[in-house]
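These notes are about the structure you will find just below.
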Amino acid sequence: MTDFSSQLSRITTISHGFGNKSALFPPSLLPFQVSQANKKQVHGTTIIDVNTPGQECGEADSLYTTQAGILLTVLTADCLPIIFSQQQGKAIAVVHAGWRGLLDGIILKMVERIARDDDPANWVAAIGPAARSCCYEVDEELAERFINQLPLAKNIISPRFRHLNLAAIAEHQLRGAGIHQVDLVGSCTICTTIQHDEKNDKNRFKYTSFRRTSQQQTLNPSHPGIKGRNQYSGLVILP
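Sequential numbering from 1 applies to the sequence shown in UniProt numbering.
Here it is, written out as structure tokens:
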């Protein structure tokens, strides 16, 4: 079942959705797939204004548009998909944010872009499924980088030793920059399961996960990778 934001669902002039393993491309967005803006995600901080359907955006991890009928999406496995909408659906944006993007300020740069046209307080943001602090273990050096570089309490950044809470970091950055309506959607991409598969009586993982797949490949080298199986998240201003 596709994940949706309760706050974004109240905006009747947009359509949105967060993909998962069984529906990589949210069914609600399929009618607009041909209009999708294309980009290459590189864990950077570049923001591209999208003005035409199917626009080729080059290397970018953030997109922004005020045009109806143009689908904006991000591809993720364990990184954060963050989607934004002005409260009346007059403009939308998407951000792909992994640990590099968070440290480099991609969220703050998107809020700065929004502020060129509107008060960020008039916007809603939804943070989608990603690796949560229960499973997102990093080396001690990276955890310390976050703690030293970000003006947030240590227990927010790393509630467990060598674990990062990317969603909490993103939420605090959004609220601190002026977007106060923030919705957390979905759950951990690494460990979340859904009801068992009737064929083999086993629980199935809900999301695709690069980290989980790498762990499984370590145990079983024949285990398939996730190339081409990242999940899409996005939204469109209805034409």
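All C-beta atoms, glycine included, are put in the ideal place defined by N, C-alpha and C.
Quick check on this structure: which residue in L108, T45, V50 has the alpha carbon closest to the alpha carbon of R100? Checking every option, the nearest Cα to that of R100 belongs to T45.
Option nearest C135 by Cα separation, candidates T189, L152, A143, C57: When each option's Cα is compared against that of C135, the closest is T189.
Complete alpha helix (DSSP H) runs within the segment 24 to 104 (minimum length 4 residues, chain order): Runs found: 99 to 104.
Buried or exposed for D78, going by 16 or more other Cβ atoms inside 10 Å? In the assembly as shown, D78 is a buried residue. Its beta-carbon has 16 or more other beta-carbons within 10 Å.
Which word fits D117, buried or exposed, when buried means at least 16 other C-beta atoms lie within 10 angstroms of its C-beta? D117 counts as exposed, since fewer than 16 other beta carbons sit within 10 angstroms of its beta carbon.
Write down the C-beta distance between A126 and L8 rounded to the nearest angstrom, noting that I regard them as a contact closer than 8 Å. Confirmed, Cβ separation roughly 5 Å.
Under 8 Å Cβ to Cβ from A121, same chain only, skipping five residues before and after it: list those, please. The residues are G178, I179, H180.
Candidates P151, L166, I147, Q67: which alpha carbon is nearest Q86's? When P151, L166, I147, Q67 are compared, the shortest CA-CA separation from Q86 is found for Q67.
Considering Cα atoms alone, identify which of T65, I147, V34 is closest to I48. Nearest Cα to I48 within the set T65, I147, V34: T65.
Thinking just about the alpha-carbon of each residue, which of T12, H172, V94 is nearest to the one in Q88? Q88 has its Cα closest to that of T12, out of T12, H172, V94.
Cβ-Cβ separation, H16 to S5 (assumed contact under 8 Å), whole Å: Cβ atoms of S5 and H16 come within 8 Å of each other, at about 7 Å.
Residue from G176, V182, R175, T208 whose Cα sits closest to the Cα of C191: Among G176, V182, R175, T208, the Cα nearest to that of C191 belongs to T208.
Going by DSSP in three states, F169 sits in which element: helix, strand or coil? The identity of residue 169 in the sequence shown is Ile, whereas the question assumes Phe. The three-state secondary structure of I169, taken from DSSP, is helix.
Identify every residue that forms a DSSP beta bridge with N20. Looking at the DSSP assignment, N20 forms a beta bridge with A23.
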